[in-house]
């Protein structure tokens, strides 16, 4: 994405779409103070510019049977580009991992893992983590309660 700078109207559109991306163009235009054709052009531009990256429905993980969220701190043995790339590829192919961040500090990656139960997490660790030859160690932090979960970015 290039260095797109949203103006006041773009911000209003984006804030509304982050709350509800199923809003009709007519209603959105009314809320942001544009004509429907002008609003639709702006939304299409925001999509084509890569500002809006996807339109999704967020479901409650428990409905899918995922009762446990685990934050996993991963420390690699060595900083090696090819080994890190292999790890990233494995993580991208692991459906249990809902988020992965390469970070600075004492650990190299932070994973958010969503699983139905501890047996499923144990299977994930055996199938994914323990098979990584460059993995030095990992630490599992089991979430007791999701206090806050937001997907919207303040504009």
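Numbering (the numbering used here), first residue to last: 40 to 194. In this text, a Cβ means the ideal position worked out from N, Cα and C, and glycines have one as well.
Reference residue i, options the options, closest by Cα
i           : options               : result
residue 152 : 168, 102 and 56       : 168
residue 121 : 47, 184 and 173       : 173
residue 123 : 192, 148 and 135      : 148
residue 54  : 76, 85 and 77         : 85
residue 165 : 194, 133, 72 and 141  : 133
residue 176 : 187, 125, 117 and 183 : 117
residue 44  : 188, 90, 79 and 142   : 90
residue 102 : 155, 65 and 188       : 155
residue 179 : 161, 143 and 170      : 161
residue 47  : 71, 170, 126 and 80   : 71
residue 170 : 143, 141 and 126      : 126
Spatial neighbours of residue i in its chain, beta-carbon cut-off 8 Å, leaving aside the 5 residues before and after
i           : result
residue 97  : 190
residue 130 : 136, 139, 148, 150 and 167
residue 40  : Only weak support is given to the placement of residue 40: the predicted model assigns it a pLDDT of 47, under 50, and the value that follows is read from those uncertain coordinates. Excluding residues within five positions, the ones whose Cβ falls inside 8 Å are 88, 89 and 90.
residue 105 : 153, 154 and 155
Close-in-space but distant-in-sequence residues of the same chain around residue i (CB under 7 Å, 5 per side omitted)
i           : result
residue 146 : 112, 113 and 114
residue 60  : 94
residue 185 : 108
Limits of the alpha helix (DSSP H) - the one that residue i falls within
i           : result
residue 169 : Taken as a continuous stretch (DSSP letters only), residue 169 belongs to no alpha helix (DSSP H), as it is neither H nor E.
residue 150 : Per DSSP, residue 150 belongs to no alpha helix (DSSP H); it is in the beta strand (DSSP E), 148-154.
residue 77  : 75-87
residue 43  : Counting along the chain, residue 43 falls outside any alpha helix (DSSP H), and DSSP gives it neither H nor E.
residue 64  : 64-71
residue 48  : 47-58
residue 124 : 120-131
residue 163 : 157-163
Beta-bridge pairing of residue i - partner residues as DSSP gives them
i           : result
residue 115 : 174
residue 138 : 151
residue 180 : 110
6 Å Cβ shell around residue i - same chain, five flanking residues per side excluded
i           : result
residue 57  : 191
residue 194 : 50, 53 and 54
residue 183 : none
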